[in-house]
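To keep things clear, I will list the structure first and then write my remarks on it.
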Amino acid sequence: MLNTNDFSVRFPVQAFRATFDGRIVCANTNLVRLLGYDAPEELYLAMSNGYLEQCYPRPGLRDLLFQKLRSHGQVDGFEIPMRRKNGSVFWAAVHASAVSGPHDGDAVVEGFLLDITAKHSMQEVIQSSRDTVRNLLDSMESHSIMLHEGGTVLAVNKAFASWLNLSFHQVVGANIFHTDTVVRLGSELLEGIENVLCSGMEANVLETSGGEAFSTDIRPVFNGDGMLRHLVVKRYDLSKHRALREALQESETRYNSLFSQAGDAIFIHDYQGRILDVNPAAALLLESSRETLINENLSTFLEKGTSIQSHLNEDYSRAPLQQAFEVVCITSSKRRVCLELTARPVDYHGRRCILCVGRDVSRRKDVERKLYEAKRAAEENLRLKDEFLANVTHELRTPMSSILGLSELGLLKNEASDPKTYLKKIHAVSDQLLQLVNSILDLSVLEAGKLALEDETFHFDEIVGTVIDTLQYQADQAGIQLSAEVDPDLAGFYQGDAPRLRQVLLNLTANALKYTNEGQVAVSVRPARSSALAQGEGLVPIVVEVSDTGIGIAANQIEFVFERFRRLPQEGAKRIRGSGIGLAVCKRLVDLMGGSISVRSELGVGSTFSVTVPVRRVEETPAATGSVPFVSRRPLRILLAEDDPINLKMYSEILEEGGHTVDCVLDGQEAVEAFMRADYDLILLDVNMPVCDGYGAAKRIRSLEPIRQKRTPILVMSALPEHRIVGECAVHGIDGYIPKPVTMQDLLQTIDAHSSGESVGEAAKDECVTGERIVDFSRLQEQFDGKEQRIRSVCNSFVQNAPRYIEEMEEALAEWDGERLYRVSHSFSSVAKVFGSATAVEVCHDVMKAAKSCDWSAAENKIHKTNGVIQNMCEEIGKMAWE
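Okay, structure coming up:
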């Protein structure tokens, strides 16, 4: 047992005394300093205050150390990590013995320790190097082994050991030259190793065994004195290498095929933009050749200011992921192409480059742009329609309020008062209301492409005079001078759509009055000095101008004046009402008539609207017409079905004023029952009725007619647009319709037209064209390249089958099947065009027109005429030029 006083003297190294739990109770100065303390007392105090647990980073090794001391009494060189005061760790080798303590019965540990941190670190480095070498060897696909010059195996990798069907430990230490060794190598390899040991020169040995082939490299390793230390042997499986080469070649073939056949454009370029390679799709896209593009800079084909590198990561040379973006390319022909590119860095022939795959998305971008524009247009149309509904609601309520107010005033007056004053005002306001409704309907029909032009004779003085008479009172009330002038050169009669021309002029003049606060509105009609419109076949382009001194139109608003539902900003002194469809209707009507419309305007000065339309001059003077009441040709017995009592009373009185006898019913069912009880000359049905509507009633009446063996004309009345009525009329066997609101003149004239009962047979026969040839044989020669046999075949087929068209037309007429009649007529018109027969095509179109309007009388006439034309064609074909 050592005394505490001479402890540090006798143990100049790091000496200590400790209890069996590891607490140091005595230490010399060297140990105190090693542990990072200034004095022994500081160390002892730290041991009492928790440093004991911190001093041993690995408590398990500490417990093992003191367990060995209890069981064996001493330890020599036990390695254990310890922690200093500052937290750093060092490794120590402990040499200690168990001895008796200063007090009887106590046992302590005395000894010393050495700092072996440097040694331990070196051991870790050596072990790490060994592990690295081991990992390198194991990662090699080749069979690798390291031999001592005497043939002892120093190291081997897993591939070699696995090939030998041995473990690592079985191979290492074995001698390849001993007869009892477990490492069995081929004779070629053993001979090659012996040769290298003798010559000190590298060698390569080719081994073949059991269908396997190996190439083995044997390399000697010398020390600094030039003495042989060991051999390194590497064996390569040639069969695997051959498979890899084949796989590589297959991969290259697949790549080349994909590269050349890809539909997308592929560019490979360096980081300076120089093109290294392109596929055929890229060359086609840029309208150039591969040879021309290589070594060109890609930036020359990009829109100015575009850079592919700018779309990659900042450190694009290491960017692992591809990135998609859009660029605009300029082709060799200066055509702009929008490309969607995917770019990523790749290795190309040992250098870092950028691979770009591009797809032409120009069409998609165009579609996207059009969709966006369509969306904007739809949103604008929706906004304009909302505004239109608000405006038209106001415009409808205004005359309705006037009608209600005037009728209430008329009812309040005594019986002695003259009601005509109020009735005239109500009639005028109703006419205003009707014009608004008609404008809305006209726009609907025009946009549906269902409005048909009329063709009648008129005089410009009459049209202009009617418009001036209609608007003169309005102009006088506003204090505006309204004037009109028709060029003397336009005297006489013209043919065209007079009602539509009058409507356009009325709309433009009324619009001018509406936007003029003071001054004048002037209407002028004159021949066009120069016009792009066709002037052949008697057509004369005329110009109608309406000028005003109104508020004018701003330059940036002129392009919108003819848009539907568009109401321009108002800067005049008075508030101006309007639906925003008048000018739109004018524009569409003028376009339908084959004309043009334009406007010149200056804000605060006025506007001039100019319309140019073609009309046909006629020499004959039409019979004079007056405003005398219409008189029917003969009185009829008419069945009238109308569910509205007021309308029923009004229509019946109009018909009775026309000299007809009228039976009234309130719905379609009653109309059918009345038809079964009595014989009528004409049936007039409202479309929308309870119990049974007009269509249903007409269909049931037609099914009952065979019993009577008589066909009765049926007309319907409806406020729906014409294009929605015509098809239904054809399906249900209805002869015609009368649009609502119904006027007396229209009602009586339509009924009289469908009840004339004139025979059409002889008249149709006289109309057949027989004076000149109606088959163009030169056209047949041209179409069939002068091949007589083919022309004969086609002509014989026509002569045999043409009469069937007439049979089908007559069957459709008998069944009042307008759709079938239209279809058969259209089919025959196509055949007639083959024979160059303009006459046949014309009469077919007449039949189609009659079928579409359900004008059965006209259809019968035109079918008869078509029959005559077919007979003439057959006769001419029988006398063809080959006879």
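Numbering-wise, numbering that gives the first Met the number 0 puts 462 at position 463 of the sequence shown, and it's gapless, one number per residue.
Yeah, the Cβ is synthetic: ideal placement off N, Cα and C, and Gly gets one too.
Excluding sequence positions up to five away, which residues of its chain have a Cβ less than 6 Å from the Cβ of residue i?
i              : result
asparagine 174 : Gly150, Thr151 and Thr180
leucine 538    : Pro613 and Arg615
glycine 877    : none
alanine 154    : Met145
serine 482     : Ala521
glycine 625    : At glycine 625, the pLDDT of 42 sits below 50, so the modelled position is not reliable; the number obtained from the coordinates is stated separately. Same-chain partners within the cutoff: there are none.
isoleucine 805 : Asn866
For residue i, which beta-bridge partners are listed by DSSP?
i              : result
proline 344    : Ile353
tyrosine 254   : Partner(s): none; tyrosine 254 has no beta bridge.
glutamine 494  : Thr456 and Arg615
arginine 525   : Val542
tyrosine 736   : Val715
cysteine 25    : Arg16
asparagine 296 : Arg273
cysteine 337   : Val327
aspartate 114  : Ala91
Excluding the 5 residues preceding and the 5 following residue i in the sequence, name in chain order all residues of the same chain whose CB lies nearer than 8 Å to its CB.
i              : result
cysteine 843   : Ser824, His825, Phe827, Ser828, Ala831 and Thr865
isoleucine 637 : Leu654, His659, Thr660, Val661, Asp662, Tyr679, Asp680, Leu681, Ile682, Leu683 and Ile750
arginine 61    : Gly21, Tyr55 and Ile79
serine 316     : Summary for serine 316: the model assigns pLDDT 48, below 50, so the residue's position carries little reliability; its value from the coordinates is reported in the next sentence. Closer than 8 Å at the Cβ level, and outside the excluded window around serine 316, lie Tyr270, Pro344 and Arg351.
histidine 177  : Gly150
leucine 205    : Glu187, Ala212, Phe213, Ser214 and Thr215
leucine 405    : Tyr421, Lys424, Ile425 and Val428
serine 332     : Glu286
Does DSSP classify residue i as helix, strand or coil?
i                 : result
serine 856        : helix
proline 39        : helix
tyrosine 235      : strand
proline 56        : coil
serine 166        : coil
glutamine 271     : coil
asparagine 156    : coil
glutamine 708     : coil
histidine 71      : helix
methionine 592    : coil
threonine 508     : helix
asparagine 222    : coil
phenylalanine 776 : helix
leucine 44        : helix
asparagine 795    : helix
aspartate 816     : coil
valine 730        : helix
aspartate 105     : coil
asparagine 278    : coil
serine 138        : helix
valine 436        : helix
valine 840        : helix
isoleucine 217    : strand
glutamate 372     : helix
On a CA-only basis, which of the options is nearest residue i? Give me that one, please.
i              : options                           : result
histidine 863  : Lys851, Met808, Ala850 and Ile23  : Met808
serine 717     : Cys728, Arg710 and Lys709         : Cys728
lysine 233     : Glu251, Ala160, Val98 and Gly21   : Ala160
tyrosine 493   : Gln471, Leu504, Asp454 and Leu470 : Asp454
leucine 34     : Gly225, Ala14 and Phe213          : Ala14
isoleucine 645 : Glu656, Arg633, Pro634 and Leu665 : Leu665
proline 498    : Lys369, Thr465, Gly518 and Tyr514 : Thr465
valine 170     : His142, Ile192 and Cys197         : His142
valine 503     : His168, Glu517, Phe561 and Thr456 : Phe561
isoleucine 274 : Ala17, Ala261 and Ser288          : Ser288
tyrosine 472   : Thr508, Val542 and Glu461         : Thr508
tryptophan 90  : Val108, Arg57, Ser70 and Gln66    : Arg57
serine 259     : Ile580, Arg334 and Val356         : Val356
Could you check whether the Cβ of residue i sits closer than 7 Å to any heavy atom belonging to the ligand GDP?
i             : result
aspartate 468 : Among the ligands in the structure shown, none appear at all, so the ligand GDP cannot be discussed.
In chain order, what residues of the same chain lie with their CB nearer than 7 Å to the CB of residue i, ignoring the 5 residues before and after it?
i              : result
alanine 527    : Pro540, Ile541, Val542 and Thr611
tryptophan 886 : No answer is possible for residue 886: it lies beyond the span of the chain, which begins at 0 and ends at 882.
arginine 710   : Glu704
- Within the stretch 177–214, note down every full alpha helix (DSSP H) run reaching 4 residues or more, in order along the chain. 186–198
- Note down, one range per segment and in chain order, each beta strand (DSSP E) of at least 3 residues found wholly within the stretch 635–702. 636–640, 660–664 and 681–685
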